[in-house]
Every structure is written in C-alpha cells, then in structure tokens.
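Asker: So that we are looking at the same thing, I have put the structure below in structure tokens.
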Amino acid sequence: MRLVSIAIMVLGWLCFSVSASSAAPAKVIITFASFNERTVGWLLVAQDQGFFAKHDLDVKIVNVRSGPVSLAALAAGESNFHTGSSTGATLGAFAGGLDAVFVAGLVNRLTGTFMVAPSIKTPDDLRKKRVGVQSMGGGLWMNAMLALDRWGLDPSRDNISFRVIGDESVVAQAITSGIVDGAYLSYTFASVLKRQGYRMLADLADLNIPYQSTGLMARRSFVQTSPDVVEKVLRAVIEAITFIQNPANRPAVMKTLAKALRLDKVEQAAEGYEVMRTLYERRIYPNVAGIRNVIRLLGPTNAKLASLKPENVVDDRIVKKLDQEGLFK
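When you read off a place in the sequence shown, starting at 1, and then add 716, the result is the number in the numbering used here.
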C-alpha cells in the first residue's frame, strides 16, 4: 500500500513537472510609433539579446503609423503595451477615458535636437517658418512645442506653421529638400543632417525641460489582472538598459540601432548609441513632473486635459517592488 502511495506521488510530481515545463510563454504585443534611438533602442535590444525570452515572454513588436493609432490598439485590447511619450494625444486620450497608465519611465527629460536650415541662426528666426512633424499632437509635435515654449515662442502669435510630413526619416528629408525650415529630430538623424551642413539650433537635453520622453504604458485593467507579465516586461527593460550602458556591448547595440532606423551603414548609428547610454534611466520610475509640464502647456486650450491629475495616470507599484529588490543599483 505504501509503495502504491509513493508511486502515485511520483506520478503526480512528474505530471506537474511536464505541465510546468510545457507551459507556453506569455504572449505580449508592444507597439511603438516613432523611429528613433530613444523609443526603439531598448525595445529591440531586449528582443535581439533574448531578454524577453529569458523571462518567458513571447513578445511581438509592432510599429504603427502614429501614437493615436497605437493608443487605439491599446484601448481595444489589441496590444498590451505602448512605448511612447506623454504627448498631447496621449494625455488627451487618458483625459477622454482611456483606462491606461504609465508603468515605467525610461527617458524622463526632453532630449534630442532642433534641426534647422543653415539660414536660421537663433530661435527668433523661427517666426513665420514651417516646422515638420509626424502628426498633430504626437511626439515630434510635443517635443517641438516644449522647445518653442522654453524660447518664448507661440505658434499662433508668431505664425509658426506645422506641416505633417511623416516619421523622422521623412522629416529629415523634408528639411534637406526645403519643404520645412526645421523640426525636432533625434540624435541619429540630426548627425546625418549636420554632416550635410544643417544647423543644430539646440541640444534639447541642455534645456533641462521635465518631460516623460519615453515611457511604457498599459491598460490599468491589464496591470491589475496580469501584474506578473508587467513585472517580467519591466525586468527585461532593466536588463536591456544595463546592456546598452555597458561599453563592451557597443557593436551589438549599434547593429540593432542601425537596423531599426534603416541606416545605410552601422557606423551611422555611432552618435545615437553614445547618446542612448546617457538617455536611459536605470531607475525606471514614471516622471510625474514631466507629465505635469505637458498639462501646464496644453491645459489652457483643453479643459479635459487641464483637469487631468498626473498622479492618476501613473502606476509605479511594480517599479517600486523592483527597486526594493535592488534591481536599479
């Protein structure tokens, strides 16, 4: 009888082991809209280096046309996460009822460049000029608006017009062809233009403007029902950032970056890589102050946005848990 009991126990343990080992990785869809080192660098490094797979995640990375499209996919449950910024479109969607929150902040200040034609010498020269963006209310538009605000410029008063062009690679081409006079560009695309004689009006990181430049968003309901999946994704995020910040991994990161940005040569990703090392925060807390800055800027023209409380669109419980484990050291 005792032998039978032991046999049953062993059989049960074997069945459990087989079941556990055969469990499929959690399927996760992450969307992004902007092609730049800030937005896609960590994401594709985590994929290429196997950090998602390491945490038993089957991640599908999907590029969409714009931030609003990505937010619509998040709202519809067609994606689990969106990586992007606290743009007017993002916070407007939150204010309009999208049940989503920032679960992590990877870049917590305004970064990148404001590139212009050689004839533009100072910010004041932007009056009556054309600025290229990907979409109205999107990331490139928000970055440009924050820079103009710091320089004391108002698009309506100063006759600065925005032209919807496309993603950053297309916007960069629009500057060289004279379709627009300037635009926000990430460091990688800015370096290409500088070599062609175009002027960097400012390195926006030097302006110290608080901003949730790159964050990770998820539906509040998803965070509540699948905290384990969110935690695994954030662990992969931290490993990707640690990998990027290690100089020994420079060739691998540049290869990933060149592929993501569709650069002709890997060497063209050098400047973007050097910037990435300093852009990302090891302590990936969402930036409440940066979100508040956007509400301050856009609130006067949008009553719903003005009523939004930045603390209510952030859920940092899982980040705090990882911090308490010492993962940010």
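Just so you know, even glycine gets a beta-carbon here, dropped at the ideal spot from N, CA and C.
In whole angstroms, what is the alpha-carbon distance linking F751 and R866?
Answerer: The straight-line gap from Cα to Cα measures roughly 25 Å.
Asker: Thinking C-alpha only, which one of V761, V819, V756, P963 is nearest V945?
Answerer: Considering only alpha carbons, the answer is V819.
Asker: Give me the Cα-Cα distance between N965 and V1004, rounded to the nearest whole angstrom.
Answerer: Distance between the alpha carbons of N965 and V1004 is about 32 Å.
Asker: In whole angstroms, give me the CA-to-CA distance for L1065 and L826.
Answerer: Residue 1065 lies beyond the stretch modelled for the chain, which goes from 717 to 1045, so this question has no answer here.
Asker: What are the boundary residues of the beta strand (DSSP E) that includes A820?
Answerer: Element bounds for A820: 816-825.
Asker: Rounded to a whole number of angstroms, what is the C-alpha to C-alpha distance between G813 and P784?
Answerer: The alpha-carbon atoms of G813 and P784 are separated by roughly 14 Å.
Asker: Would the stretch 848-855 count as touching the stretch 877-886 if we require 3 or more Cβ pairs under 8 Å?
Answerer: At 8 Å Cβ cutoff, the stretches touch.
Asker: Would you kindly report the start and end of the unbroken beta strand (DSSP E) that includes I746?
Answerer: Here the beta strand (DSSP E) through I746 covers 742-748.
Asker: Are the beta-carbon atoms of T838 and A918 separated by less than 8 Å?
Answerer: It is not a contact, given that the beta carbons lie outside the stated cut-off.
Asker: Where does N924 fall in DSSP's three states?
Answerer: In the structure shown, N924 sits in coil (DSSP, three-state: anything other than H, G, I, E or B).
Asker: List the endpoints of the continuous alpha helix (DSSP H) containing L950.
Answerer: Unbroken alpha helix (DSSP H) run through L950: 943-960.
Asker: Are S893 and D815 touching if we call contact CB-CB under 8 Å?
Answerer: The answer is no: Cβ separation not under 8 Å.
Asker: Considering only residues of the same chain and omitting the five flanking positions on each side of F959, which have a CB-CB separation below 7 Å?
Answerer: Cβ within range, chain order: V761, Q765, N965.
Asker: V744 and V949: beta carbons closer than 8 Å?
Answerer: It is a contact, given that the beta carbons lie within the stated cut-off.
Asker: If you reduce the DSSP assignment to three classes, tell me which class D1031 lands in.
Answerer: Correct three-state label for D1031: coil.
Asker: Would you check if the distance between the CB atom of L759 and the CB atom of T799 is smaller than 8 Å?
Answerer: In this structure, T799 lies closer than 8 Å to L759 by Cβ.
Asker: I think N1018 touches S929, with their Cβ atoms under 8 Å apart; what is that distance to the nearest whole Å?
Answerer: The Cβ separation is near 21 Å, so there is no contact.
Asker: What residue ranges within the stretch 837-917 form continuous alpha helix (DSSP H) runs of no fewer than 4 residues, ordered along the chain?
Answerer: With a minimum length of 4 residues, the continuous alpha helix (DSSP H) runs that stay inside the stretch 837-917 are 855-866, 884-892, 903-911.
Asker: Counting pairs of Cβ atoms below 8 Å between the stretch 1021-1035 and the stretch 987-997, do you hit three or more?
Answerer: Too few Cβ pairs lie closer than 8 Å, so no.
Asker: Quick one: what's got a C-beta closer than 8 Å to S795's C-beta in the same chain, skipping five residues either side?
Answerer: Counting only Cβ-Cβ distances below 8 Å, and skipping sequence neighbours, we find I745, I746, T747, V778, S786, A789.
Asker: Alpha carbon to alpha carbon, what distance is there between T803 and M858?
Answerer: Whole-angstrom Cα-Cα distance: 6 Å.
Asker: Leaving out the 5 sequence neighbours to the left and right, which residues in its chain are closer than 8 Å to I1007 when beta-carbon positions are compared?
Answerer: The residues are S802, L807, F818, Q928, P1026, V1029, V1030.
Asker: Would you mind sorting P741 into buried or exposed? The rule is 16 or more other CB atoms within 10 Å of its CB.
Answerer: Flag for P741 reads exposed.
Asker: Taking the beta carbon of T941 as the centre, do at least 16 other beta carbons fall within 10 Å, making it buried, or is it exposed?
Answerer: Exposed is the call here.
Asker: Under 8 Å between the Cβ atoms of T904 and G988?
Answerer: Going by C-beta atoms, T904 is nearer than 8 Å to G988.
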